[in-house]
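One structure is given below, encoded as C-alpha cells.
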Amino acid sequence: MDEGDSRHAPVLSPGGQSAAALARLEALCAANPGPSHPRLIPYANVSGKADLVFMLTAAELGRAGQMHRDLEDGFPPGTLERVYTYLSVTELPEYLTTAEDMKQTLVQQENLEPGSDPFNKRLAEMRQRQAEYEHYRLYPEMPDWEVMAFYPMSKRRRGTDNWYLLDFGTRKKLMGGHARVGRKFAGRVSQLITGSSGIDDWEWGVTLMAHQVDALKEIVYEMRFDEVSARYGDFGPFYVNLRLSPSALWRHLHL
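Each number in the numbering used here comes from the position in the sequence shown (counting from 1) with 199 added on.
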C-alpha cells in the first residue's frame, strides 16, 4: 500500500489544465477499480495536514511504483507537493489461530466430544472461517465507506515495556484480547493492518474505514485502554479523510 498526500490543492492554470488533470485521474481510477488490487482511491484530507490523499494497492512493488508515477504524471509539473507517503504490505498476522487452538475451543468452551459429528462439523466451519480470514488479510477488499483514517504504529521497546522481550505465548494472549476489542466494532469500522518493518519508518500501517468519524474515534479510544496499546503501543500521525470521487474532489477543492 502506498498512501500519499498533497498539502496544497494543485494550482492549475487556465486553458483546460484542470479539466485535463481531472480526466486523467478519472481514467486512472477507472483502470484500477479494485475491489482488491490494483486499486486507486482518492480522498480529501479534512485535518489540514493535506488536501489530496491517494490510497494505492497493487500485487507487487513494481506495479505500485508505476501507479504512483502515473498518478503524479497526471498533474502538470509543479502542481503537487508530496508531504507524506507510507509503504506497507498485506501479510498474515504472527498470532494466527491454529488447528489445535480450534480444537481446544470446541472442547473447553463448547463442551464438544473430540471426533463426534458435532465436533467435526464445528471444526470444519472454523477452518473455513479461518481460511476466509487469511485470504482477506492477504487480498483485502475494503468497503468504499465515507470516512478513512490512517496512522502508523510500532510496538514499544522501552525499559520493562518491551514487546519483543515477551514470550510468544504472552504476546499471543495479549493480541487475542486486543482483537476482541476490535471485533466489537464489526459493521461500524473496517480495519486493515499492513506490515512495514524494514520497509518504512514504523512497523505497521493501520487503515480504518467507517460511515461516521465518531466510530473511528471510539475504536481508537477504546483500544488505548487495552494493554497492547496502553503499555506497548507507539503511534504516529493520524490522517482523517473523506472518500470522494475525482469530480467531487475537484468541486471540494474548487479546481
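No residue lacks a Cβ here, since even glycine has one placed at the ideal position from N, Cα and C.
Integer Cβ distance of residue i from residue j, believed to fall under 8 Å
i	j	result
residue 344	residue 409	6 Å
residue 339	residue 235	6 Å
residue 259	residue 445	That pair is no contact at about 25 Å.
Boundaries (first-last residue) of the beta strand (DSSP E) holding residue i
i	result
residue 390	388-394
residue 240	238-244
residue 353	346-354
Member of the options whose CA lies at the smallest distance from the CA of residue i
i	options	result
residue 245	330, 381 and 439	439
residue 353	241, 430 and 216	430
residue 461	393, 325 and 421	The requested residue 461 does not occur in the structure, where the chain is confined to residues 200 to 454.
residue 276	216, 444, 298 and 452	216
residue 396	286, 271 and 282	286
residue 368	223, 262, 274 and 296	296
residue 219	269, 239 and 273	273
residue 447	232, 303, 230 and 251	251
Helix, strand or coil at residue i [DSSP, three-state]
i	result
residue 408	strand
residue 207	Residue placement at residue 207 is flagged as unreliable, the pLDDT there being 45, under the threshold of 50; the coordinate-derived value follows with that caveat. The answer is coil: DSSP assigns residue 207 none of H, G, I, E or B.
residue 319	helix
residue 417	helix
residue 232	strand
residue 362	helix
residue 314	coil
residue 449	helix
residue 442	strand
residue 256	strand
residue 454	coil
residue 201	Residue placement at residue 201 is poorly supported in this model, since its pLDDT is 43, which falls under 50; the coordinates still yield a value, given next. Reduced to three states, the DSSP call for residue 201 is strand.
residue 375	helix
residue 183	There is simply no residue 183 to check, as the chain begins at 200 and stops at 454 in what is shown.
Element boundaries [alpha helix (DSSP H), containing residue i]
i	result
residue 341	Here residue 341 belongs to no alpha helix (DSSP H), and DSSP marks it neither H nor E.
Any beta strand (DSSP E) of 3 or more consecutive residues that is wholly inside the segment 260-295: 281-286
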